[in-house]
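To start, the structure itself, in C-alpha coordinates.
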Amino acid sequence: MVWFWANIIAQSYVRNSDRAIELLKVAFPSTATELITEWENTVGLPDLCVGPVEDIATRQMLVVDRLVSSIESSTDFYIAYAKKYFGIDIVIDQYSPFRFGTSFNRPFGYEEWSHTWRIRSDQDLQFLSCIFTRMAPVHTYILFGPFADEL
(Lines of atoms letter the chains of each structure in order from A and count residues from 1; the text may use other names and numbers.)
(Lines give C-alpha, C1' and ligand atoms only; values in the text may rest on other atoms or scores of the structure.)
Protein backbone atom coordinates (compact mmCIF):
# COMPACT_ATOMS: atom_id res chain seq x y z
CA MET A 1 0.00 0.00 0.00
CA VAL A 2 2.90 2.36 0.74
CA TRP A 3 4.22 1.80 -2.77
CA PHE A 4 0.85 2.76 -4.21
CA TRP A 5 0.82 6.15 -2.46
CA ALA A 6 4.51 6.72 -3.17
CA ASN A 7 3.84 6.09 -6.87
CA ILE A 8 0.98 8.61 -6.92
CA ILE A 9 3.10 11.25 -5.18
CA ALA A 10 6.03 10.53 -7.52
CA GLN A 11 3.80 10.99 -10.56
CA SER A 12 2.74 14.40 -9.31
CA TYR A 13 6.41 15.41 -8.86
CA VAL A 14 7.20 14.18 -12.38
CA ARG A 15 4.30 16.25 -13.80
CA ASN A 16 5.44 19.34 -11.89
CA SER A 17 9.04 18.85 -13.00
CA ASP A 18 8.03 18.36 -16.64
CA ARG A 19 5.83 21.45 -16.49
CA ALA A 20 8.66 23.52 -14.97
CA ILE A 21 10.99 22.48 -17.79
CA GLU A 22 8.31 23.30 -20.37
CA LEU A 23 7.72 26.69 -18.74
CA LEU A 24 11.43 27.49 -19.05
CA LYS A 25 11.22 26.71 -22.77
CA VAL A 26 8.18 28.88 -23.41
CA ALA A 27 9.45 31.75 -21.24
CA PHE A 28 12.33 32.78 -23.53
CA PRO A 29 11.34 35.29 -26.22
CA SER A 30 12.49 33.21 -29.19
CA THR A 31 10.39 30.22 -28.07
CA ALA A 32 7.67 31.98 -26.07
CA THR A 33 4.12 30.84 -26.66
CA GLU A 34 2.22 31.25 -23.41
CA LEU A 35 4.16 34.35 -22.36
CA ILE A 36 4.40 36.03 -25.79
CA THR A 37 1.83 38.69 -24.81
CA GLU A 38 3.85 39.65 -21.73
CA TRP A 39 7.01 39.91 -23.84
CA GLU A 40 5.18 42.07 -26.39
CA ASN A 41 3.94 44.40 -23.66
CA THR A 42 7.48 44.65 -22.27
CA VAL A 43 9.03 45.76 -25.59
CA GLY A 44 6.14 47.96 -26.77
CA LEU A 45 4.41 45.67 -29.23
CA PRO A 46 2.18 45.54 -31.15
CA ASP A 47 3.80 48.38 -33.01
CA LEU A 48 1.55 51.21 -34.19
CA CYS A 49 3.23 51.06 -37.60
CA VAL A 50 2.98 47.29 -38.06
CA GLY A 51 -0.23 46.61 -36.16
CA PRO A 52 -1.19 43.32 -34.52
CA VAL A 53 0.35 40.14 -35.92
CA GLU A 54 -1.37 36.76 -35.57
CA ASP A 55 1.47 34.41 -36.58
CA ILE A 56 3.32 33.22 -33.45
CA ALA A 57 6.68 32.86 -35.23
CA THR A 58 6.50 36.45 -36.50
CA ARG A 59 5.52 37.70 -33.06
CA GLN A 60 8.51 35.90 -31.53
CA MET A 61 10.82 37.36 -34.20
CA LEU A 62 9.55 40.90 -33.55
CA VAL A 63 10.09 40.55 -29.79
CA VAL A 64 13.63 39.21 -30.21
CA ASP A 65 14.42 41.94 -32.75
CA ARG A 66 13.29 44.64 -30.31
CA LEU A 67 15.40 43.16 -27.52
CA VAL A 68 18.66 42.78 -29.44
CA SER A 69 18.53 45.55 -32.05
CA SER A 70 20.45 48.74 -31.71
CA ILE A 71 19.49 51.83 -33.67
CA GLU A 72 22.20 54.03 -35.10
CA SER A 73 22.01 57.62 -36.26
CA SER A 74 23.88 57.18 -39.55
CA THR A 75 22.13 57.26 -42.90
CA ASP A 76 23.93 54.05 -43.90
CA PHE A 77 22.11 52.24 -41.08
CA TYR A 78 18.69 53.35 -42.36
CA ILE A 79 19.53 52.45 -45.96
CA ALA A 80 20.63 48.96 -44.89
CA TYR A 81 17.61 48.59 -42.56
CA ALA A 82 15.13 49.39 -45.35
CA LYS A 83 16.81 46.88 -47.65
CA LYS A 84 17.19 44.10 -45.07
CA TYR A 85 13.75 44.18 -43.46
CA PHE A 86 11.52 45.53 -46.24
CA GLY A 87 13.42 44.97 -49.48
CA ILE A 88 13.19 48.67 -50.34
CA ASP A 89 16.05 50.57 -51.96
CA ILE A 90 16.22 54.12 -50.64
CA VAL A 91 18.45 57.15 -51.04
CA ILE A 92 18.93 59.60 -48.18
CA ASP A 93 19.86 63.21 -48.83
CA GLN A 94 21.23 65.11 -45.83
CA TYR A 95 20.63 68.84 -45.83
CA SER A 96 22.62 71.43 -43.96
CA PRO A 97 23.00 75.19 -43.90
CA PHE A 98 25.34 76.63 -46.49
CA ARG A 99 28.86 77.06 -45.19
CA PHE A 100 31.98 78.37 -46.85
CA GLY A 101 33.66 75.52 -48.65
CA THR A 102 30.47 73.53 -49.15
CA SER A 103 30.38 71.78 -52.49
CA PHE A 104 27.77 73.20 -54.86
CA ASN A 105 26.61 69.75 -55.94
CA ARG A 106 25.29 68.93 -52.44
CA PRO A 107 21.86 69.94 -51.17
CA PHE A 108 22.01 72.90 -48.80
CA GLY A 109 19.70 75.42 -47.26
CA TYR A 110 19.15 77.77 -44.37
CA GLU A 111 19.86 77.07 -40.70
CA GLU A 112 16.42 75.42 -40.41
CA TRP A 113 17.72 72.63 -42.66
CA SER A 114 20.15 71.38 -40.02
CA HIS A 115 19.54 67.71 -39.31
CA THR A 116 17.02 67.33 -42.15
CA TRP A 117 16.98 64.17 -44.25
CA ARG A 118 15.02 63.44 -47.39
CA ILE A 119 14.37 59.76 -47.99
CA ARG A 120 13.63 58.96 -51.62
CA SER A 121 12.56 55.77 -53.33
CA ASP A 122 10.65 54.64 -56.38
CA GLN A 123 8.46 52.55 -54.05
CA ASP A 124 5.69 53.57 -51.64
CA LEU A 125 7.23 54.98 -48.46
CA GLN A 126 4.10 55.32 -46.30
CA PHE A 127 4.84 52.24 -44.19
CA LEU A 128 8.55 53.06 -44.00
CA SER A 129 7.82 56.66 -43.00
CA CYS A 130 5.94 55.48 -39.91
CA ILE A 131 8.81 53.25 -38.82
CA PHE A 132 11.66 55.65 -39.62
CA THR A 133 9.95 58.63 -37.99
CA ARG A 134 9.75 56.61 -34.78
CA MET A 135 13.34 55.31 -35.06
CA ALA A 136 15.12 58.48 -36.18
CA PRO A 137 17.23 60.56 -33.82
CA VAL A 138 15.07 63.04 -31.92
CA HIS A 139 16.76 66.09 -33.44
CA THR A 140 16.27 64.86 -37.02
CA TYR A 141 13.48 65.97 -39.32
CA ILE A 142 12.70 63.50 -42.12
CA LEU A 143 10.99 64.20 -45.44
CA PHE A 144 9.73 61.32 -47.57
CA GLY A 145 9.17 61.42 -51.28
CA PRO A 146 9.64 59.77 -54.66
CA PHE A 147 12.83 59.83 -56.67
CA ALA A 148 13.29 63.38 -57.90
CA ASP A 149 16.22 65.72 -58.15
CA GLU A 150 14.33 68.74 -56.92
CA LEU A 151 12.76 69.31 -53.52
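Counting with this note's numbering, you get residues 6 to 156 for the letters of the sequence shown. Beta carbons: idealized from backbone N, C-alpha and C, even for Gly. Since we're looking at a predicted model, the values are computed, not measured.
One or two residues paired with residue i in a DSSP bridge
i	result
residue 150	125
residue 100	121
Local Cβ density within 10 Å of residue i, reported as buried at 16 or more and exposed below that
i	result
residue 150	exposed
residue 67	buried
residue 137	buried
residue 34	buried
residue 90	exposed
residue 44	buried
residue 87	buried
residue 28	exposed
Neighbourhood of residue i by C-beta distance below 7 Å, restricted to the same chain and skipping five residues each side
i	result
residue 19	none
residue 61	38 and 41
residue 32	40
Reduced DSSP secondary structure (H/G/I, E/B, other) of residue i
i	result
residue 60	coil
residue 23	helix
residue 95	coil
residue 43	helix
C-alpha distance - residue i paired with residue j, whole-angstrom precision
i	j	result
residue 77	residue 140	9 Å
residue 8	residue 53	59 Å
residue 131	residue 144	21 Å
residue 47	residue 64	13 Å
residue 142	residue 79	9 Å
residue 74	residue 128	25 Å
residue 156	residue 146	Confidence at residue 156 is low in this model, with a pLDDT of 43, below 50, so its placement is unreliable and no value can be given for it.
residue 13	residue 30	26 Å
residue 94	residue 36	32 Å
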